[in-house]
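Throughout, our numbering is defined as the position within the sequence shown, counted from one, plus 645.
Cβ atoms here follow ideal geometry from the backbone N, Cα and C, with glycine treated the same way.
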Amino acid sequence: MQDIIHLLPDSVANQIAAGEVIQRPASAVKELLENSIDAGAKKITLVIKEAGKTLIQVIDDGIGMSETDARMSFERHATSKLKSADDLFNINTKGFRGEALASIAAVAQVELKTKREQDTLGTKIEIWGSQLKGQDLIATETGTTFSIKNLFFNIPARRNFLKSNQVETQHILEEFYRIALAHPDVSFVLINNDAEMFRLEKGNLKQRVMGLFGNSYQEKLVPVNEETSIANITGFIVKPEFAKKTRGEQYFFVNNRFIKSNYLHHAVQSGFESLIARENVAGYFLFITLNPATIDVNIHPTKTEIKFSDEKAIYSILRSSIKMALGKHNITPSLDFDVETSLNIPLPDYSKIPEPPKIRVNPQYNPFKVETEKAYAPQKSMFDLRQFNNISNWETLYESENKEEKEKEDKIANPERRYFQLFQKYIITKTKNQLLMIDQQLAHERILFERFLNQLALNSGTSQQMMFPVTVDFPAKISEIVSEILPDLSALGFGIENFGQNTWAFSGLPPGLSESKVQELLEEMVREFQDSRQQVKFSKQNSLAQSMAKNMSIKGGKNLSDDEMGNLVNDLFACETPFYTPTGKPVIVNFDAETIDKLFKK
Ligand code: ADP
Ligand code: MG
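Set out below in C-alpha cells:
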C-alpha cells in the first residue's frame, strides 16, 4: 500500500496559519503597528484605502532591518524578539511569535522597504502569496515601510467574508486607538482614503485621549494614580456625568498591552458605585503595571484576554483607586489634573490580599439618643478611620503640605467659627481654597448608608435592648417579606421574632430608632425593597441600607450646634464616597475663588 501522508507545501501551511493571525484588515494593521513600536519608531504613519481591503501601509522611522533580516522576517517563527522559552515570561515587546509577516505575506501582495541607520542603501522585497517576486537594493529613508495590497487576493472566500468598509474601518480604528493610547510618546498619522483623519503629536496621555476622542475630554477626565506593592494603576477615568449608555471608551492596558476584561470592567464600574446610572457604562483609560511573572502571557495570537495570578487583589486595588480618584476630583474640580495635589495618604498594605474595609462603627455611639439629646451629639467621630480616609483632619486634603505654614494659618484664623448653618438645612464651611455647602440630611444619609452596608456585610449591627418587647402587626404581604429578610434585619440591629401569623415582637432596635417609628420604618423599607427588586441590578443589601439611611437621617429644619456640624462633616469625610448620596444626589457643592469671582463679574 502506498504511503499517503505528506508535508504541506509552506505556502499552504502559511495560508492556513494566516487564518488564525490575520482575520481581517484590522489584524494586519495591528501587527504592523506593533512591529513599528517594537522597532523603536517615534513617528508612525498608517495609510489605508477601502477599509484596508486594497491598501494597508505603515511607514515608520524605527531601526530598520539589514538585507538578510529583511528576507528572514518573512519566515515563519522568525523573530528577533525571543531567543528561548524562558524569555516568554519576560516579554517587553508587542510581538514575539515571529508569525505575523509570514502570515500576511501568505495572503496578500506585500512590499517591504527598509534601511538601517548605518547602511547607505536599503532593501526592497516583494512577496505575493508567499512567492518572492523580487528583491532590490534601493535608496530609502532609515526605517521601514510595509505595504499590504489586496489582502486575501488568493483566498476569495475570506475576502468575501469581510464586512462592509464602514465596519472594517471601525475595526481598524479600534486597533489604532489601542496602540496610539498605549504610546503617547510616539506621533501617529492616519490617512484614510487619501484624507488625513488623525495627526497625533507626541505628548502625554491626556493629550493623546483628546487627540483621539476630541478636545471635550479636557473637561471630562479624572486622573487615577495608585501605587501598591502588587500593581500600579495610572490613567484616567471619565467623569461619572459623562458616562454613556453604550460601551464606548473602555481601555485597559496591562504592562502597556491592551486587554479586555469583564472582571476588571466590573471592578471599575463598582468603583463608581451609584455615581452613574445603572444602565450607563463608565469610561476609562487605565494602565495597570505589574510584575510580568504574575500574569499569564497570552499565547493565542489574537486574544486580548489575560489571566492574573492574583485576580482578586487586582480587582480591589482597581476598585479603590477609582473611588480615591472620584473622591479627590469631586472636591477639587477646578484643580488642573496635571498639578500635583498635596494629598499624602498612607498606602494600604497590599502585600496581603486586601480585605473589605474593617468595621467602622463605634458601637457605643448613638447619634440619636432619641429625642432627649441633640440629633448629632458632640462625640468623637463614630467611625474608625478607614484605610483610605485615614485622615483625622479632612481639611488637610486641600491645604498646604507645609505643617508650619498650616499652624500659622490656624493661629491667625483662630478663634473662628468653622461652620454655619443656613436655612436650618445646609452647613457652610470653608477650606483653604473652597467654599463648601453641605446638605445636612443628605450628608447624614450617606454616613448611615455606609454604616448600614457595613453592618450587613459583616453582620455586626448593634441593638439597643428594650425593657419590654413591643409587638407589631404587619399586613400579610409585608410580613412575608419581613421573614425573608430576617437575617438582614438582625444584622442591622433589629431584635425581631415572629409571634405567630403576621405578628412580630421587637426586643431590640438599631440605636437611634424610636419605638414609635419601627412600624412605619419597616413598612417603608419593605416597600422600597420590593420596588428595587424589579430593577436589573438589584442588590438586597444596597436597597435595605439605602432605605433605612433615608428614613433615619436627620432632616432639614433641624438646628445643629457647631459641634454637631463638625462631627457630621468629619464623619462625612470619613465615608468612602462622601460626595454623593447612595442614589446619586450631590451632598456637597463647592465653589472655588474663581467661580465666586465670576459671580461678581470680575
Ligand atoms: P514578531 O514581531 O513576533 O517578532 P513578525 O513576523 O511580526 O514577528 O516580525 C518578524 C521580525 O521582523 C521581527 O522580529 C523584527 O525583527 C522584524 N521586523 C518586523 N517589522 C519591523 C519593522 N517595522 N522594523 C524593524 N524590524 C521589523
Ligand atoms: Mg510582530
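Which one of the options has the shortest CA to CA distance from residue i?
| i | options | result |
| --- | --- | --- |
| Gly1211 | Ile1073, Lys968, Arg803 and Arg721 | Ile1073 |
| Phe887 | Ser775, Ala715, Ser954 and Glu924 | Glu924 |
| Ile661 | Thr724, Lys675 and Ala751 | Ala751 |
| Thr630 | Gln754, Pro1132, Gly1202 and Leu782 | A question about residue 630 goes unanswered here, because the residues of the chain that appear run from 646 up to 1247. |
| Asn877 | Asn1196, Leu963 and Ser1159 | Leu963 |
| Gly893 | His910, Thr879 and Asn901 | His910 |
| Ser672 | Arg823, Asp1242 and Lys1203 | Arg823 |
| Asn907 | Tyr960, Thr690 and Ser954 | Tyr960 |
| Glu1169 | Leu653, Ile1126 and Leu826 | Ile1126 |
| Ile793 | Lys865, Lys847, Leu691 and Ala825 | Leu691 |
| Val1080 | Ala1238, Ile904 and Glu918 | Here the sequence assigns Leu to residue 1080, which means Val is not the residue at that position. With distances taken between Cα atoms, Leu1080 lies closest to Ala1238. |
| Gly972 | Lys890, Glu1221 and Met1082 | Glu1221 |
| Ser915 | Gln1069, Gly928 and Leu796 | Gly928 |
| Val1214 | Ala912, Thr1228, Leu700 and Tyr1064 | Tyr1064 |
| Ala825 | Met855, Asn810, Asp839 and Ala970 | Met855 |
| Pro1114 | Leu818, Lys905 and Glu1160 | Glu1160 |
| Glu1165 | Pro1120, Val831, Lys889 and Glu676 | Pro1120 |
Between which two residues does the alpha helix (DSSP H) carrying residue i extend?
| i | result |
| --- | --- |
| Glu665 | Asp655 to Val666 |
| Ser633 | Here the chain has residues from 646 to 1247 only, and residue 633 is not among them. |
| Phe897 | No alpha helix (DSSP H) holds Phe897; the beta strand (DSSP E) holding it covers Gln895 to Val899. |
| Val913 | Asn907 to Gly916 |
| Ile882 | First-last for Ile882: Ala876 to Val883, but that is the beta strand (DSSP E), not the alpha helix (DSSP H). |
| Gly856 | Leu850 to Phe858 |
| Asn1196 | Lys1185 to Met1197 |
| Arg716 | Glu712 to Met717 |
| Leu796 | From DSSP, Leu796 is part of no alpha helix (DSSP H); its letter is neither H nor E. |
| Asn680 | Pro670 to Asp683 |
| Leu1205 | Unbroken run through Leu1205: none, as it is neither H nor E. |
Does DSSP classify residue i as helix, strand or coil?
| i | result |
| --- | --- |
| Phe1139 | coil |
| Pro999 | Residue placement at Pro999 cannot be trusted, given a pLDDT of 41 that sits under 50; the coordinates are not used to answer. |
| Glu1221 | coil |
| Ala1150 | strand |
| Leu1307 | There is simply no residue 1307 to check, as the chain begins at 646 and stops at 1247 in what is shown. |
| Tyr1071 | strand |
| Met969 | helix |
| Gly1211 | helix |
| Leu691 | strand |
| Arg642 | Since the first residue shown for the chain is 646 and the last is 1247, residue 642 is missing from the structure and cannot be characterised. |
| Gly779 | strand |
| Ile1123 | helix |
| Glu1129 | helix |
| Pro1114 | strand |
| Thr790 | strand |
| Met1082 | strand |
| Asp764 | coil |
| Arg902 | strand |
| Leu872 | A small fix is needed here, since residue 872 is Glu in this sequence, not Leu. Strand, per DSSP. |
| Asp955 | coil |
| Phe1065 | strand |
| Asp1216 | helix |
| Lys889 | strand |
| Leu652 | coil |
| Ile817 | helix |
| Val812 | helix |
Buried or exposed: residue i, going by 16 or more other Cβ atoms within 10 Å of its Cβ?
| i | result |
| --- | --- |
| Leu1112 | Correcting the residue type first, residue 1112 is Met in the shown sequence and not Leu. The residue is exposed, with fewer than 16 neighbouring Cβ atoms inside 10 Å. |
| Arg853 | buried |
| Ile649 | exposed |
| Ser681 | buried |
| Gln1086 | buried |
| Ser775 | buried |
| Pro829 | buried |
| Thr873 | buried |
| Phe719 | buried |
| Asp705 | buried |
| Asn659 | buried |
| Leu777 | exposed |
| His816 | buried |
| Arg1091 | buried |
| Glu864 | exposed |
| His722 | exposed |
At what residues does the beta strand (DSSP E) containing residue i begin and finish?
| i | result |
| --- | --- |
| Tyr929 | Tyr929 to Leu935 |
| Arg1178 | Element bounds for Arg1178: not the beta strand (DSSP E) but the alpha helix (DSSP H), Val1163 to Arg1178. |
| Glu771 | Gly767 to Trp773 |
| Val1232 | No beta strand (DSSP E) contains Val1232, which DSSP labels as neither H nor E. |
| Ser861 | First-last for Ser861: undefined, no H or E at that position. |
| Leu700 | Leu700 to Asp705 |
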